[in-house]
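Residue numbers (our numbering), protein chains in the order written: chain A, 7 to 419; chain B, 3 to 445. A short write-up of the structure that comes next.
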C-alpha cells in the first residue's frame with residue numbers, strides 16, 4: 007500500500023477482560039456472558055470516549071467463528087445494540103480467522119480514506135468457552151484448509167505450529183529455541199500481571215521459565231509444544247475508533263490523544279498451499295515490509311511491537327519476520343532480553359496472546375488498543391517509555407498458519 | 003484361546019451397580035480398543051442386572067464416561083480411526099468411539115446370557131449365597147468352562163472355587179471404588195487358580211493401566227484387612243469418648259481427626275458412609291467367622307443398620323446419609339441413634355474444634371500434598387509438629403496413626419501382604435491416601 011492519501015487516526019480504545027481459565031471469576035460449568043455482552047461492553051467503552059454514537063458514521067465488526075462457537079451469524083446487526091444512536095448506520099462484519107480484528111481495522115481505515123466515514127467504530131469479538139477445548143480445536147481448524155483437517159492433528163493449530171517448532175529445532179538447535187520460548191512465556195506472563203484485563207493477570211507462578219521448560223507430551227498433546235507454549239481459550243472483545251482529523255475534531259479529541267496510522271500492509275497467502283519453509287513466516291514478513299514501506303520508516307525506528315504470538319514459537323518467528331533478527335537468531339534476540347519490557351523493542355506489553363489472552367476475532371483490535379495506550383501514555387502499570395527518536399509502534403495480526411496478515415504502523419498524533 | 007479371543011465374549015454380573023458399572027466401562031473400552039485393532043472379530047459384553055431401570059442408568063453412565071474418556075485420548079483415537087474418510091472433526095471421532103463401545107454392550111436382565119461368555123466378571127453384593135446362586139446359573143456346570151473374576155472384597159477365593167465348583171478358573175479381581183478412577187486392582191489367586199487365568203488377569207490389568215497388588219487368599223485381603231480394623235479403631239474411640247461427651251460430638255471429633263489431623267482424603271465415618279454401612283457390615287460378617295480371634299464386629303454398625311441408617315450412594319453418585327448427614331457433598335450433621343435424628347453440625351462443631359485444638363503449623367491439607375513430589379518432607383514436618391503439641395486432637399491422631407501402622411504391619415506378618423510396600427500401595431492407590439500406613443511418621 008502506498009502512503010495514505012489522508013491522515014487517519016485511532017483513539018478511544020477499550021478492552022473487556024479476556025475471560026477464561028486463569029481468571030478467578032471463570033467457572034467452566036457456570037453460565038457466562040455471551041457475544042452480545044462483550045460487543046456492548048467494548049462498543050460502549052469506546053463510545054463513552056468519543057462523545058457518543060452521534061459521532062460515529064459507520065461500524066465494523068471482526069469475528070472469526072461465532073457461527074460455530076455461538077450458532078450466530080449476521081454480527082453486523084449487533085452493532086446497533088451497542089447504542090440506539092447507531093441504528094440505521096452502515097455496518098459490516100469481516101472475517102479472516104484470527105486476523106479478523108485487524109481486518110476490521112483495515113476496513114475502517116479504508117472507509118475513512120474513502121471519505122465515506124469521518125469516524126468508524128471497530129469492534130473485535132470472540133466467545134470461545136462455549137465448547138470444550140477439543141471441540142474448539144475443530145472450530146479453530148477452519149482457519150486452515152478443510153481438506154487438511156482429516157489428516158491433521160487432533161489439536162490442529164497446535165499441531166501446525168508444533169511442526170514449525172520441530173523444523174526450527176532441527177535447523178537451528180532445540181535447547182536454545184526451547185529456552186527462548188520459555189523466556190517468551192515468562193515475558194508474556196510478567197507483562198500480563200501488569201494489566202488488569204489480562205487473562206493471566208492473576209498468574210502467581212514463581213518460576214515461569216521452569217514451568218515452560220517442561221517436556222512436550224506427544225501422546226496427549228503435540229510433539230514439540232507444551233500447553234505453556236500456547237495461547238489460551240478466551241472470551242472477550244475490544245473496540246477502537248478510527249477517525250479522520252475532522253472526525254477527531256467533531257468528537258472534541260485532540261490528535262495527541264490519538265495515534266496516527268502511518269503505514270498499513272496486508273498480505274494473503276494461498277490456503278491450499280503449505281508453507282515453503284516451516285521456519286519462516288513469509289506472509290508476515292511481506293505484510294510488515296509493506297507496512298514499513300508505506301510508513302516510510304525502517305525496522306530500527308520501532309519503539310514497541312504487538313505481535314501475534316498464538317504460540318511462543320510464532321512470537322520468535324515473528325521477531326525474525328519483522329526483521330529485528332536474522333533467520334535463526336530470533337532466540338538470541340529474545341534471550342538477550344531485547345523483547346522484554348526493559349529491552350530495546352518491548353513486545354506484547356500487556357501479555358500478548360499468551361498472556362493477555364486470545365479471543366480470536368478481538369485480538370487485532372486489542373493489539374491496536376495496547377499500542378494506542380502505550381503511545382499516548384495511558385498504559386497504567388504496563389506503561390513503557392517511548393524513545394523520542396524512534397516513536398513508532400507496530401501491530402502484526404495473523405490469521406491461520408501465516409495466511410492472512412495485517413501489519414499496521416502507528417505514531418502518536 | 004489368546005487374549006483377544008478370550009475377550010470376545012464377556013459378561014458382567016451386577017453390571018449396573020457402582021462397582022459393576024465401572025467394570026463394564028473399563029472392560030467395554032478395552033474390548034472396543036481390541037476390536038479396532040482386529041476388525042474381523044465380533045465382541046460382546048453382556049451387562050446383566052436385575053431391572054431395566056438400573057440398566058438404562060448404566061447406559062447413560064457409559065455414554066457420558068466413554069465420551070469423557072474419548073475426549074481425553076483424542077490424540078490416539080485420531081490415529082486409530084485414520085483410515086476412516088468420514089471422520090473429520092474431533093467431534094466425529096468422539097461420537098464414533100462412543101458408538102463403537104456402546105455397540106459392544108448388551109444390557110440384559112436375563113442371567114442366562116452370561117452362560118455363553120468366556121469370562122464372567124461378578125460384581126454382586128458381598129453375599130456368598132447370592133454369588134453362589136449366580137455362579138450356579140452361569141458358570142459352575144457350564145461345559146464352556148468360563149473363567150470367573152469375582153470383585154469380592156472379602157470372601158476367600160478358594161472357598162468360592164470349592165462351593166461353586168470353579169476349581170482352577172476363578173480368581174479375585176478386586177477393583178476399588180470407583181473402578182474408573184482408582185488405580186488399584188487387588189488380584190487374589192486361590193490355591194487352585196490356574197496360571198493361564200492369572201496371566202490373563204495380569205495382562206488385562208496392564209492394558210487397563212491399573213496398579214496390581216497381589217494379596218494372599220485371606221478373608222478381607224489387604225484392602226479390607228486394613229479398612230475394617232481401621233474403622234473399628236474409630237468406633238472404639240467414639241465409644242470411649244462418648245463417656246465424656248455427647249455421641250454426635252464423639253463421631254464428629256474422630257471423623258475430623260482421621261481426616262484433617264491424619265491428612266487423609268476423608269474421615270473414617272465419611273469413608274464408611276461412602277462405602278456403605280451395609281457393605282461394611284457384610285464385609286465384617288464375612289471376615290469375622292473366617293479369622294478366629296480377630297473380633298471384627300461392631301455393635302454400633304449393627305445398631306445403625308437396624309435403625310435403617312446405611313449410607314451408600316444414590317444413582318446419581320450423590321452421598322446418602324449415614325453416620326453423617328450430607329448436603330451437596332458437604333457434611334452438615336451427625337446421626338444420634340438415641341434421638342433417631344441428625345444433629346446439625348452448627349450446634350456443636352465450634353466447641354468440638356476448640357476441644358481438639360488447632361492443627362500444627364504449617365498445616366498440610368490432603369489435597370495439597372497428595373500429588374506433591376516433596377510430600378514426604380512436608381508430612382514429616384507436620385506429623386513431627388503434631389507430636390510436640392499436647393492437644394486432644396493430636397493425641398487422638400497419633401494413636402490413630404500408630405494403630406493404622408500396627409494393622410499394616412500385622413497384614414505383612416500374617417502373610418496377607420508380601421511386604422510393607424504392598425500394604426502402602428493399596429492405601430495409596432485404592433484409598434487415595436497421601437502416605438502408606440507403614441511409615442516413619444508414627445513409628
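Where is the CB? At the ideal position from N, CA and C, for every residue including glycine.
Sorted by chain position, which residues of the same chain lie with C-beta nearer than 7 Å to residue i's C-beta, five sequence neighbours on each side aside?
i                      : result
residue 78 of chain A  : 41 and 72
residue 113 of chain A : 66, 98 and 100
residue 188 of chain A : 215, 218 and 219
residue 274 of chain B : 233, 282, 313, 324 and 325
residue 182 of chain B : 24, 27, 28 and 67
Rounded to a whole number of angstroms, what is the C-alpha to C-alpha distance between residue i and residue j?
i                      : j                      : result
residue 48 of chain A  : residue 215 of chain A : 33 Å
residue 17 of chain B  : residue 54 of chain B  : 11 Å
residue 209 of chain A : residue 199 of chain A : 7 Å
residue 218 of chain A : residue 189 of chain B : 40 Å
residue 346 of chain B : residue 252 of chain B : 14 Å
residue 390 of chain A : residue 279 of chain A : 40 Å
residue 412 of chain B : residue 36 of chain A  : 49 Å
residue 252 of chain A : residue 334 of chain A : 46 Å
residue 272 of chain B : residue 147 of chain A : 47 Å
residue 136 of chain A : residue 239 of chain A : 10 Å
residue 152 of chain B : residue 176 of chain B : 7 Å
residue 193 of chain B : residue 160 of chain B : 6 Å
residue 333 of chain B : residue 90 of chain B  : 47 Å
residue 38 of chain B  : residue 150 of chain A : 29 Å
residue 342 of chain B : residue 236 of chain B : 21 Å
residue 292 of chain A : residue 402 of chain A : 11 Å
residue 124 of chain B : residue 250 of chain B : 38 Å
Quick check on residue i: buried or exposed, where buried means 16 or more other Cβ atoms within 10 Å of its Cβ?
i                      : result
residue 365 of chain A : buried
residue 387 of chain A : exposed
residue 90 of chain A  : exposed
residue 331 of chain B : exposed
residue 48 of chain B  : buried
residue 380 of chain A : buried
residue 1 of chain B   : The structure shown does not extend to residue 1 of chain B, since chain B spans only 3 to 445, so no value can be given for it.
residue 42 of chain B  : exposed
residue 308 of chain A : buried
residue 309 of chain B : exposed
From the DSSP output, in three-state form, read off residue i for me.
i                      : result
residue 3 of chain B   : coil
residue 413 of chain A : strand
residue 405 of chain A : strand
residue 24 of chain B  : helix
residue 236 of chain A : strand
residue 337 of chain A : helix
residue 250 of chain B : helix
residue 26 of chain A  : coil
residue 71 of chain A  : coil
residue 394 of chain B : helix
residue 7 of chain A   : Confidence is the limiting factor: at residue 7 of chain A the pLDDT is only 49, short of 50, which leaves the residue's position unreliable, though a coordinate-based value still follows. In the structure shown, residue 7 of chain A sits in coil (DSSP, three-state: anything other than H, G, I, E or B).
residue 225 of chain A : coil
residue 271 of chain B : helix
residue 91 of chain B  : coil
residue 185 of chain B : coil
Quickly, what does DSSP pair residue i with across the bridge? List them, please.
i                      : result
residue 1 of chain B   : Residue 1 of chain B cannot be examined here, being either before or after the span of chain B that is shown, 3 to 445.
residue 21 of chain A  : A:244
residue 315 of chain B : B:321
residue 310 of chain A : A:399
residue 127 of chain A : A:65 and A:247
residue 98 of chain A  : A:66
residue 149 of chain B : B:121
residue 130 of chain B : In the DSSP output, where bridge partners are listed per residue, residue 130 of chain B has none listed.
residue 217 of chain B : B:190
residue 317 of chain A : A:236
For residue i, which residues of its own chain have a beta-carbon under 8 Å away from its beta-carbon, when the five flanking residues on both sides are left out?
i                      : result
residue 359 of chain B : 391, 393, 394, 395 and 396
residue 144 of chain B : 117
Please return the same chain residues whose Cβ sits closer than 6 Å to the Cβ of residue i, not counting the five positions on each side in sequence.
i                      : result
residue 268 of chain A : 301, 415 and 417
residue 362 of chain B : 387, 388 and 391
At a cut-off of 7 Å, would you count residue i as near the ligand NAD, judging by its Cβ distance to the nearest heavy atom?
i                      : result
residue 388 of chain B : Ligands in the displayed structure: none, and consequently the ligand NAD is not present.
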